[in-house]
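Here the structure comes first, spelled out in structure tokens, and everything after it is commentary.
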Amino acid sequence: MAKEKKKVQAITSMDVDFTQWYTDICTKAELIDYTSVKGMFILRPYGYAIWENIQAGLDKEFKRTGHENVAMPTLIPESLLQKEKDHVEGFAPECAWVTHGGSEKLEERLCIRPTSETVFCDHYSHIVHSWRDLPKKYNQWCSVLRWEKTSRPFLRHREFLWQEGHTLHATAEEAIAETEQMLEIYADFCENVLAMPVVKGIKTDKEKFSGAERTYTIECMMHDKKALQSGTSHYFGDGFAKAFDITFADKNNQLSHPHQTSWGVSTRMIGGIIMTHGDDNGLILPPRIAPIQVVVLPIAQHKPGVIEAAQGLADRLAAQGVRVKTDVSDQSPGWKFAEYEMKGVPLRVEIGPKDMEKNQCVIARRDTGEKYFVSLDELESKVAELLDAVHEHMFQRAKRNLEENTYPCTSVEEVKEKMATQGGFAKTMWCGDLACELYMKENCGVTSRCIPFEQEQLGDTCPICGKPAKKMIIWGVAY
RNA sequence: CGGGGUGUGGCGAAGUUUGGUAUCGCGCUUGGUUCGGGUCCAAGAGGCCUCGGGUUCGAAUCCCGACACUCCGACCA
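Counting from 1, position 138 in the first sequence corresponds to residue 137 in numbering that gives the first Met the number 0; the numbering is continuous, with no gaps.
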């Protein structure tokens, strides 16, 4: 009977159907709700709280590195969007347009921003005149809209929350340094806060951002061995500046175009967290962004003093800055265990009459399921220690997944065989030609993920065309 | 945008082949009971059967159309 009940509410097993498992977690852990508009999702309080924590962490880093937040308009006139050729080609197909104001048809239709390069450029052209005005380092937290054909919770929304940084610099060197700095901030955040190991690198021309000269990326590997681009940072050169007529007088009173960057991460990261860490019991949240880090559950809560004891432990942890919740609802303890596991709460503290007699509590880890009997005198220190241990273990586990599923290959056949049988990433040398990328897509079903910063010399020639090759590239199937 | 699948109380399904009073489980409400891994018992509430047309005395069921979700491709953060 109990088994039947569990089956009804259980999420689909990862091995049975990975995509269904993913969707189950999104809805059953109360992160997301669907709406009546395709591709538009509601971030429910628990899902939004994860985003708020990501936002808080990154925003602090942006400010530490001298960036200022701004708020730009949602609507972009068509003429403005068209100023940069590559950019408009990249985004026009997925723009949504406002054509009417009230009942009046507009003279010029307005695009609901898919990204804000053009608005920033227009603004910068007004406010930048002198080398003294540089650098300009702006960021905005907002939502953007892209009319995607297919959508999935977090991974592909038609409207999604993100952050877009846009900076202007006097020199190319400075702009490139900025681009690289922001990629490092993303990479550190992924690894140290989200416990997601990354591969840092550069996108090929085929995969780079529309209008960029160079796109840096961090790529993560999900549980199903597919790649998720988790953050990007672009160097634009002075292409946009020229298109938008942004000029400044340099120290020699020469009129110059500044060099530009943009960089962003989105709520997609939450999809990455789910698919990197989750298991068949639900979500597993990295402690440093978990909205609830510790849930305190009273056992036999009708017995005198138990609820008070649980609340007391929660108060002690809250005083230490731990995000803690106590659940004294009349659900059974077993139900609560399953519920907070589904929601990925890193640590569970149990306290019942037996514990109270012994001046102890039980702490259970979400990542390993291990349970510890902990003296109440050591509560704070043990929780702090375990939160770090959970983070570290989650990171190492994900790193192992990445490393064990990345294969150095020296022939197309080998890539094809590995991708067909194992999945994951394949590393090969590459000549740099688009034709070879297209060939890989056609024959192995993979796209280039990045040319990693950490290069290895796997040979001297491109295994696809046989021409000399200097760079190692990573191939994979991407989300 | 191409190919498949699915739309039935909040969720998951049965019923559709062969038209005839809308069924089950979970959840929800109330009362009791239990509490260290999704307690148990009882009583209740809740449905334009996705939407729009048609056929029929009668449609969840048959026919036509739309929409949505979902999976697999192509495109994309």
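Beta carbons: idealized from backbone N, C-alpha and C, even for Gly.
Within 10 Å of its beta-carbon, does residue i have 16 or more other beta-carbons around it, so buried, or fewer, so exposed?
| i | result |
| --- | --- |
| Ile473 | buried |
| Asn138 | buried |
| Lys250 | exposed |
| Pro467 | exposed |
| Ile126 | exposed |
| Val7 | Bear in mind that a pLDDT of 36 at Val7, under 50, signals an unreliable position, so the model cannot answer this. |
| Pro72 | exposed |
| Val321 | buried |
| Ile10 | buried |
| Leu254 | exposed |
| Asn52 | buried |
| Ala363 | buried |
Out of the options, state which residue places its alpha-carbon closest to the alpha-carbon of residue i.
| i | options | result |
| --- | --- | --- |
| Ala176 | Lys426, Phe235, Lys84 | Phe235 |
| Tyr45 | Phe208, Lys324, Lys224, Ala434 | Lys324 |
| His66 | Ser129, His156, Leu167 | Leu167 |
| Gly448 | Pro286, Val197, Glu356, Leu133 | Per the sequence shown, the amino acid found at residue 448 is Arg instead of Gly. Out of Pro286, Val197, Glu356, Leu133, Val197 has the C-alpha closest to the C-alpha of Arg448. |
| Phe239 | Ile53, Val87, Lys335 | Val87 |
| Thr18 | Leu346, Lys398, Asp278, Phe336 | Asp278 |
| Asn358 | Asn68, Asp376, Arg364 | Asp376 |
| Lys241 | Asp314, Leu457, Gln259 | Gln259 |
| Gln395 | Leu57, Val15, Glu190, Lys59 | Glu190 |
| Trp20 | Leu282, Ser142, Pro134 | Leu282 |
| Gly153 | Asp314, Tyr438, Glu338, Leu30 | The sequence shown places Phe at residue 153, not Gly. Nearest C-alpha to Phe153: Leu30. |
| Thr246 | Arg131, Glu172, Ile217 | Arg131 |
| Gly56 | Ser142, Tyr371, Asp187, Thr34 | Asp187 |
| Val414 | Gln81, Leu109, Met439 | Met439 |
| Met13 | Glu183, Ser209, Asn280, Val411 | Asn280 |
| Leu193 | Glu106, Val69, Ile288, Tyr33 | Ile288 |
| Val118 | Gly333, Val36, Lys205, Leu79 | Leu79 |
Do residue i and residue j have their C-beta atoms closer together than 7 Å?
| i | j | result |
| --- | --- | --- |
| Ala425 | Tyr406 | yes |
| Val344 | Ile291 | yes |
| Ile463 | Ile273 | no |
| Glu212 | Met39 | no |
| Gly89 | Gln162 | no |
| Ala308 | Met355 | yes |
| Met341 | Ala28 | yes |
| Pro113 | Cys94 | yes |
| Val445 | Met418 | yes |
| Gly200 | Phe452 | yes |
| Met393 | His276 | yes |
| Phe243 | Cys120 | yes |
| Gly423 | Asn442 | no |
| Ser209 | Ile217 | no |
| Asp58 | Arg43 | no |
| His165 | Pro286 | no |
What three-state label does DSSP hand residue i in the structure shown?
| i | result |
| --- | --- |
| Glu158 | strand |
| Glu32 | The amino acid occupying residue 32 in the given sequence is Asp; Glu does not appear at that position. If DSSP states are grouped into helix, strand and coil, Asp32 belongs with the strands. |
| Met220 | strand |
| Arg364 | strand |
| Tyr371 | strand |
| Phe40 | strand |
| His165 | strand |
| Gly465 | coil |
| Tyr478 | coil |
| Phe452 | coil |
| Asp85 | helix |
| Cys94 | coil |
| His233 | strand |
| Lys342 | coil |
| His99 | strand |
| Gln253 | coil |
| Glu3 | Caution applies to Glu3, whose pLDDT of 31 falls short of 50 and renders its modelled position unreliable; the value that the coordinates give is listed next. In the structure shown, Glu3 sits in a helix (DSSP, three-state: H, G or I). |
| Cys408 | coil |
| Ser12 | coil |
| Thr325 | strand |
| Cys430 | coil |
| Glu206 | coil |
| Gly46 | helix |
| Lys148 | coil |
| Leu109 | strand |
| Arg287 | coil |
For residue i, is the beta carbon positioned less than 6 Å from some heavy atom of the ligand GTP?
| i | result |
| --- | --- |
| Asp376 | This structure simply doesn't include the ligand GTP, nor any ligand for that matter. |
Are the region 431-442 and the region 376-388 touching, with three or more C-beta to C-beta distances below 8 Å? No, they do not touch.
Flag this pair as touching only if the region 350-366 and the region 284-298 have three or more C-beta atom pairs under 8 Å; answer yes or no. yes
Touching or not, the region 249-266 and the region 221-233, by the rule of three or more beta carbon pairs under 8 Å? yes
Mind the definition here: the region 213-231 touches the region 86-102 only if three or more C-beta pairs lie below 8 Å; say whether that holds. no
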